[in-house]
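Student: Before I ask anything, let me first share the structure, which is written out below as structure tokens.
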Amino acid sequence: MEPDVLGPPYERHTIDLGTDDEGPVVATLVRRRAARPTGRAVLYVHGFVDYFFQTHVADFFAERGWDFYALDLRKYGRSLLPHQTPNFCRDLSDYFPELDAAARIVRTEDGHDTLLAMGHSTGGLVVSLWAHARRADGLVDGIVLNSPFFDINAPWLVRRPLAAAVSRLGRRAPHRILPFGLGTVYGESLHADHRGEWRYDLAWKPLAGFPVRAGWINAIRSGQRQLRAGLDIPVPVLLACSTRSYRGTRWHESATLADAVLDVEHMVRWAPRLGRHVTVARFDGGLHDLTLSGPAVREKVFAEVGRWAEGFLGAGPTGAAPERPPAARRPADDRAGAATDG
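So in the numbering used here, spot 89 of the sequence shown is number 175, and the numbers just go up one at a time.
In structure tokens, the structure reads:
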């Protein structure tokens, strides 16, 4: 492990994943050890146009004896190399090797006997598919899904023809940029320079996101079809999301009290397809990333996660949410090193 851009007590390890059609590929595992470890660990996986900067989430678990790990997937955040297409993949199973490697480090090298996987948005879909694929291996003991990306945020009459068209285009021209994206509303609701309270690296998490490409959407739709067909995740799952979505493309104050990225009803609808033991918790005023919601909502989210973890995984996180952390640090002249160094 080497020092991380967040500074102490965070450290990072680069996972070498060989090469793909763009060149060398890496993922980055960030670790924060608990002062009084209990043999339990969390493995956090971010969403699309995202990376790990939510130190208050790590604080919550570490203060309660859980070692915290966060995985920046290939072509995201710390793992994005200069020659790569940001956040791109052709199949969500492309991420399984770094998840396997991270789980091995947490369990075998660092010796934890309990592992809770936590996935946000696209990371929630990826973690779900991975847990299903590795269900016989005993890698995880529980899963928390924070607003998972279980369907495209569009009406059914749009989703159907869109899926067919993108499937064809994704095979022929996977890097083709599509004429839609995230917009800036969600980013504005988060970042402290706009209407939010958080500071993070806009090179790794731009307000308007990265271009959405046909191959990536095709990979997402394929993963979502697999989910809808039914998974068999053998461990308890907590799915948490907001009580409502915001569909506007222009700023409105209601974007600070809703999921401005996905349709939360899709998450609830498909939750039973995850496995046999699924709990759904919904939060009034929750943002897309529930842990970045306003203080009162965050408090409820952390309390629910704590109760759930204690109930299903034994003694675990309980109590109030931590205070908002200071601004995430990243040296301006360390961009290349942050993405490639060990």
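All residues carry an ideal CB built from backbone N, CA and C; glycine is no exception.
Confirm, please, whether the CB-CB distance from T200 to D136 is below 9 Å.
Tutor: The residue labelled residue 136 in the question sits at position 50 within the sequence shown. The residue labelled residue 200 in the question sits at position 114 within the sequence shown. For D136 and T200, no; Cβs fall outside 9 Å.
Student: Considering Cα atoms alone, identify which of V112, P95, F154, E97 is closest to T124.
Tutor: The residue given as residue 124 occupies position 38 in the sequence shown. Minimum Cα distance to T124 is reached at F154.
Student: Tell me which same chain residues have a C-beta within less than 7 Å of the C-beta of V364, skipping the five on either side of it?
Tutor: The residue given as residue 364 occupies position 278 in the sequence shown. Closer than 7 Å at Cβ, skipping near neighbours: V323, L325, A357, P358.
Student: If you draw a straight line from the C-alpha of I191 to the C-alpha of Y96, how long is it?
Tutor: As a working mapping, residue 191 is identified with position 105 in the sequence shown. As a working mapping, residue 96 is identified with position 10 in the sequence shown. Straight-line Cα distance between these residues: approximately 16 Å.
Student: Does P260 pass the burial test, meaning 16 or more other C-beta atoms within 10 Å, or should it be called exposed?
Tutor: Translated into the one-based positions of the sequence shown, residue 260 becomes position 174. So P260 ends up on the buried side.
Student: Would you call the CB atoms of A40 and A144 closer than 9 Å?
Tutor: No statement about residue 40 is possible, as the shown extent of the chain runs from 87 to 428 and does not include it.
Student: Below 7 Å CB to CB, which residues in the same chain sit around G295 once its five sequence neighbours on both sides are set aside?
Tutor: For the purposes of this step, residue 295 is taken as the residue at position 209 of the sequence shown. Here the set comprises V135, G267, L268.
Student: For P412, does the count of other Cβ atoms within 10 angstroms reach 16, so buried, or fall short, so exposed?
Tutor: Within the sequence shown, residue 412 is the residue found at index 326, counting from 1. Confidence in P412 is poor, its pLDDT being 45 and thus under 50, which makes the residue's placement unreliable; the coordinate value appears in the next sentence. Burial call: exposed.
Student: Using the DSSP secondary-structure output, state which residues sit across from F369 in a beta bridge.
Tutor: If you number the sequence shown from 1, residue 369 lands on position 283. F369 is bridged to S328.
Student: Cα-Cα, which of E149, A341, E184 is closest to A121?
Tutor: Position 35 of the sequence shown, counting from 1, holds the residue named residue 121. Nearest in C-alpha terms to A121, of all of E149, A341, E184, is E149.
Student: Who pairs with Y155 in a beta bridge, going by DSSP?
Tutor: Along the sequence shown, one-based indexing puts residue 155 at 69. Answer by DSSP bridge pairing, in chain order: R117, L129.
Student: Give every residue of the same chain whose Cβ lies closer than 6 Å to the Cβ of I319, excluding the five residues on either side of it in the sequence, and list them in chain order.
Tutor: Here residue 319 is taken as the residue at index 233 of the sequence shown, counted from 1. Excluding sequence neighbours, I319 sits near A217, H218, L360, G361.
Student: Compare the C-beta of G380 with all C-beta atoms of chain C and state if any pair is closer than 9 Å.
Tutor: The structure shown has no chain C; it contains just one protein chain.
Student: Buried or exposed: G392, going by 16 or more other Cβ atoms within 10 Å of its Cβ?
Tutor: Within the sequence shown, numbered from 1, the residue matching residue 392 stands at position 306. Per the 10 Å Cβ criterion, buried.
Student: Report, in whole angstroms, the separation of the C-beta atoms of L348 and N239, which I expect to be a contact under 8 Å.
Tutor: To locate residue 348, count along the sequence shown from 1; it is residue 262. To locate residue 239, count along the sequence shown from 1; it is residue 153. Contact holds; Cβ gap of about 5 Å.
Student: Skipping 5 residues on each side, what residues in its chain have a beta carbon closer than 7 Å to that of L103?
Tutor: Here residue 103 corresponds to residue number 17 of the sequence shown, with the count starting at 1. The answer, listed in chain order, is V111, V112, A113, R160, P183, E184.
Student: Closest to A346 by C-alpha separation, out of L225, V321, E274, would be which residue?
Tutor: Taking the sequence shown and counting its residues from 1, one reaches residue 346 at position 260. Comparing Cα-Cα distances from A346 to each of L225, V321, E274, the minimum goes to E274.
Student: Which residue or residues does DSSP assign as beta-bridge partners of R299?
Tutor: Position 213 of the sequence shown, counted from the start, is the residue given in the question as residue 299. R299 pairs with I263.
Student: Thinking C-alpha only, which one of L215, R119, G151, T100 is nearest Y162?
Tutor: In the sequence shown, counting from the first residue as 1, residue 162 sits at position 76. Among L215, R119, G151, T100, the Cα nearest to that of Y162 belongs to T100.
Student: Report, in whole angstroms, the separation of the C-beta atoms of D48 and V321, which I expect to be a contact under 8 Å.
Tutor: Because the chain is modelled from 87 through 428, residue 48 falls outside the range shown and cannot be assessed.
Student: Helix, strand or coil for L243 per DSSP?
Tutor: Position 157 of the sequence shown, counted from the start, is the residue given in the question as residue 243. Because the pLDDT at L243 is just 46, under 50, the model does not fix this residue reliably, and the point stays unresolved.
Student: Report the three-state DSSP secondary structure of H429 (helix, strand or coil).
Tutor: Look at the range of the chain in this structure, 87 to 428, and you will see that residue 429 is not part of it.
Student: Using only alpha-carbon positions, find the residue among N232, T194, F174 that is nearest to W302.
Tutor: Taking the sequence shown and counting its residues from 1, the one referred to as residue 302 is at position 216. Comparing Cα positions, the closest option is F174.
Student: Quick check on the DSSP output: the alpha helix (DSSP H) that includes L276 runs from which residue to which?
Tutor: Taking the sequence shown and counting its residues from 1, the one referred to as residue 276 is at position 190. Run containing L276: 271–276, per the alpha helix (DSSP H) assignment.
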